[in-house]
Structures are given as C-alpha cells and as structure tokens.
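Here the structure comes first, spelled out in structure tokens, and everything after it is commentary.
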Amino acid sequence: MDDILTRTRAAVWHPCTQMKQLEAAPPLAVARGEGVWLVDTDGRRYFDAISSWWVNLFGHCNPRINAAIVDQLGKIEHVMLAGATHEPVVELSERLAQLTGLGHAFYGSDGASATEIALKMSAHYWRNAGWPEKNGFVSLENAYHGETVGALSVTDIPLFKSTYAPLVRHSAQVPTPDARRAEPGESAEAFALRCADALEAHLAEHAATTAAFIVEPLVQGAAGMAMYHPAYVARARELCDRYRVHLIADEIAVGFGRTGTLFACEQAGVRPDFLCLSKGITGGYLPLSAVLTTDAVYAAFYGDDTARGFLHSHSYTGNPLACRAALATLDIFEQDSVIESNHRRKAVLDALAAPLASHPRVAAFRQRGMIWAFDVRDAPPGFARDFARNAQHAGVLLRPIGNTVYFMPPYVTGDEEMAFLVDATLHLLETT
Ligand SMILES: *Cc1c(COP(=O)(O)O)cnc(C)c1O
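Under the working numbering, think of the first position of the sequence shown as 1092, with each following residue one higher.
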C-alpha cells in the first residue's frame, strides 16, 4: 500500500487537490469494488456513500453492465462518429429521445464538454437564425457547470473560477433560489418565485444579447447541495419562452433518478431546449456525455451551407463501449423499476436519518430523491478534510463541501448499509 501511495504522489497529479496535502491525507488505494463497497489494497472495505463523485448508480462491478461492455468489446471498441455510425449510439439516441422528448443527441466525453456543446449550439442557433448578437449567457449565483474555460464562464464558484477569471468570458448571474436563503416564514416556493422575478428583470433588459439561461434543476450540487422549489424551473421555462432565450438544463448531476424522477425537469413539468447529461449516464462506468435538443434547434443547422452545421467534435464522440454501458444502465432502470424502488429506499433512509435531522449540530437538513444533505454548525477550520479522513477510518467514503455533509448513495444500497451510514455519521459528528 505504501508503495502505491508513494508512486501516486510522484506520478499522478490528482484532480481538485493541493498535492502537498496528500502527504498528510493519503488517497484511498482502491484495489476493487463490490456493489456499494470499495475495497482497498489492504482488504479494508468502504461504503461509497457519494457514488464516486455522483456517477455510480448500480454499484461497482455490476454484473449486467460488465456483461454489456464485454459483449461490445468482442464487436467494436471504437470507431469515429464522423462518417461512421454503429448500433449502440443509434439505439442510445433513440431511447434518450423517447425518454426526454428531445430527438437529437450530440455526444461528448465529460460533463464540461456537454456544457461547452450546449453553449456553442445555442449561440450558433441564434447566429443561424439571424440574431448573431444573442451570444451571452446567464446562470445562477453559485452555479456549477464544469471547469473547462468555456464551462467556467457560466460556473460561479470562486474556488474554481477566481484564479482563471482573466481567461474566462463574462456571463451574468441571477440570485439563486436556494431555499436556505428564504426569509423566516417565507415558503421555498414563494422564495423561488421571488428569485424568478430577478431572472425576469434580467431577461427583460438583456434578452437581445442573451442566447441562453443555463441551470442545474432542483439541486445545485457543487454549491453544497443547495435545493430549491421546482416552481423556479417552471417559471424559468415561461420566461425563456417569453423573452426568446434558450433554457439549458444541466442534469449532469441530477439526471438519471437522483432527484426522485428520471430527470429533474419532470418535477417542474418542463422540457428544456437543451438537456446536458453525463455522470450517471453510463452507470458510472465510462466517460460519456450527451446534449439533447429539439427539432427546432436541429432544423436551424440543417442546410446546404457547411458552416451552418455544428462542426464541433471530440475524438471519442459516441464511443460504443460507453454507449453500451449507458444502454445497460437504461435496461436496469426499466427491468428493476428503479425509480419506484428508490421511493422505498428514500423512505427507509429518511426514517433512519431522523436523529441526524434533529441533532444539535445539524442545520438545514434537506432531502430530495436520492440526495440527503445538512450543514454542520460551528464547523472548525479544515472541517471538510478532517471529516472525510475520519469517515474513511470509519469505513465510509464521504467528502463534505465546506460545512455541508451529504449522502448520494448508489441505488443498490440496502437497509443495513443505510443504517451503517447514519450510525457512522452520528459518530463522526461527535468526533469532528
Ligand atoms: C460534474 C458536473 C459538471 C461537469 O462534469 P465533468 O464530467 O466533471 O466535467 C457539470 N455540471 C454539473 C451540474 C456537474 O455536477
């Protein structure tokens, strides 16, 4: 184990990490996975309570997803999607269209590339439609849409953005409907609608230069699991229609059942102009992202002029192995009625978590679908790092965001594992 830790520090530049801190807090050296458990090189087991950064849906080494990938490996591992096509990408596009009502799927590899694709497509649409000055974007305060230079322009988290601000194009932010910010006595819905008034004021002034409003529906994940009322998304849809601005739903984190419906937009009863998907799309197996859009957007690119087309590309666009993992993931949703069985799972964890919700150190306990979060009062400096390290010693993989502790367990978590998670967290609150 020491050997791999020395080698990883020497050769691997870890993401979102000040490498010097890895000496005091070494990374978990994972040898294998089994369902919701990660097993380290010494054979110790850790409950993956945050689904490996929100990507895993049906456990590690899931036999059905493994089998689909192995089957595909014997057929074709990869072929470029420019000038070629293959069954997995066609079937995945058809099934996503059926599930979302958005009939055209463009593929990338990571979430950030999906954001880039949606931003470029939206601005290019307006250019093709004869409104080239509509090329600006608006996002929510504390939004997170990825960290490549284009995606950072609509991300609003200082830790990720400030250093690179000189590289990034300006975009506008409107107030977040984060329900924690409601006035005392104000409902989450009333607060959401009050925030939507600010979006309206912005669009009323800037629609002529705005291509799209991009939003994480219902839960702003990287902001610290900030949850808000679906009325905001419903109203945003109306406003985007009224002011002729696209609505881009970034469901990279909240898609595929995380908020209790297959897609979060369903709870607001809306269909976005662009839907960005990644993370859970392959069950957490392989890098794949997709941007789905409407016939109207697609039609604006279609014609004899090459430059009217969307000439964006990535080498691994529509990779067949990743598409097969995604198809196997959709099969599991269907065959196991996952959305319904997650309602039961949610009820079990809600009941188990009651002592957390009423714990004196816990504020703003909140829950939506398969996400639970709370803020820790009087969190000492370095809380997130210390809590993560102590959790690891207790056999749980948790990574608080600031003073927010959250659970995002895989959808195969059993009752005993949920009880273990809550007990471990209660103990950690006494010791961190
Ligand atoms: C994770 C995430 C992204 C970026 O995805 P990557 O695959 O990490 O580039 C974008 N938007 C949201 C809402 C996310 O949670």
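Even glycine gets a Cβ: it sits at the ideal position worked out from N, Cα and C.
Taking the C-beta atoms as reference points, Asp1364 is found nearer than 7 Å to Thr1385. Three or more Cβ pairs drawn from the segment 1228 to 1238 and the segment 1291 to 1305 lie within less than 8 Å of each other, which places the two stretches in contact. Counting other Cβ atoms within 10 Å of its Cβ, Arg1459 reaches 16 or more and is therefore classed as buried.
Ala1515 has its alpha-carbon roughly 16 Å from the corresponding atom of Ser1449. Counting only runs of 4 or more residues that sit fully inside the segment 1354 to 1421, the alpha helix (DSSP H) segments are 1386 to 1390, in chain order. C-alpha of Tyr1393 to C-alpha of Gly1202: approximately 26 Å in a straight line.
With a contact defined as Cβ atoms closer than 8 Å, Ser1143 and Gly1375 qualify at about 6 Å. Pairing Asp1269 with Leu1190, the inter-Cα distance amounts to about 28 Å.
In the three-state scheme derived from DSSP, where H, G and I count as helix and E and B as strand, Gln1163 is classed as helix.
The C-alpha of Ser1253 lies about 36 Å from the C-alpha of Tyr1502.
Distances from the CA of Ile1343 to each of Gly1221, Gly1237 and Arg1435 were compared; the closest alpha carbon is that of Gly1237. With contacts defined as CB atoms closer than 7 Å, Ala1417 and Leu1172 fail to qualify as a contacting pair. Bridge pairing for Glu1277: absent [DSSP]. Between the segment 1131 to 1138 and the segment 1152 to 1171 there are fewer than three inter-stretch CB-CB distances shorter than 8 Å, so the stretches are not counted as touching. Distances from the CA of Val1161 to each of Ala1355, Leu1412 and Gly1276 were compared; the closest alpha carbon is that of Leu1412.
By the neighbour-count criterion, in which 16 or more other beta carbons inside 10 Å mark a residue as buried, Met1110 falls on the exposed side. Remark: C-beta atoms of Gly1315 and Gly1493 approach each other more closely than 7 Å.
DSSP places Ile1156 in the helix class (H, G or I) of the three-state scheme.
Between Ala1159 and Ala1234, the alpha-carbon positions lie close to 35 Å from each other.
The Cβ-Cβ distance between Ala1322 and Leu1284 falls below 7 Å. Between Val1265 and Leu1290, the gap from beta carbon to beta carbon is short of 7 Å.
Glu1507 has its Cβ no nearer than 6 Å to any heavy atom of ligand 1.
Short of 7 Å from the beta carbon of Gly1360, and not among the five residues preceding or following it, lie these beta carbons of its own chain, in chain order: Ala1325. For Met1318, the pairing in a beta bridge is given by DSSP as Val1310. Using a cutoff of 6 Å, the CB of Gly1237 counts as near ligand 1, since one of the ligand's heavy atoms is closer than that.
Membership of Phe1478 in the alpha helix (DSSP H) is indicated by the continuous run Phe1474 to His1484. At a threshold of 6 Å, Gly1312 counts as near ligand 1, since its beta carbon sits closer than that to one of the ligand's heavy atoms. When beta bridges are read from the DSSP output, Thr1301 appears opposite Gly1227. Secondary structure of Val1487 (DSSP, three-state): strand. A direct Cα-to-Cα measurement between His1169 and Gln1112 gives close to 38 Å.
With a cutoff of 7 Å on beta-carbon distance, Leu1377 and Tyr1334 are scored as not near each other. The beta carbon of Gly1493 sits no closer than 6 Å to any heavy atom of ligand 1. Taking Leu1440 as the centre and dropping the five residues before and after it, the same chain places the C-beta of Trp1463 and Met1509 closer than 7 Å to its C-beta, in chain order.
In this structure, the beta-carbon distance from Ala1381 to Ala1214 does not fall below 7 Å.
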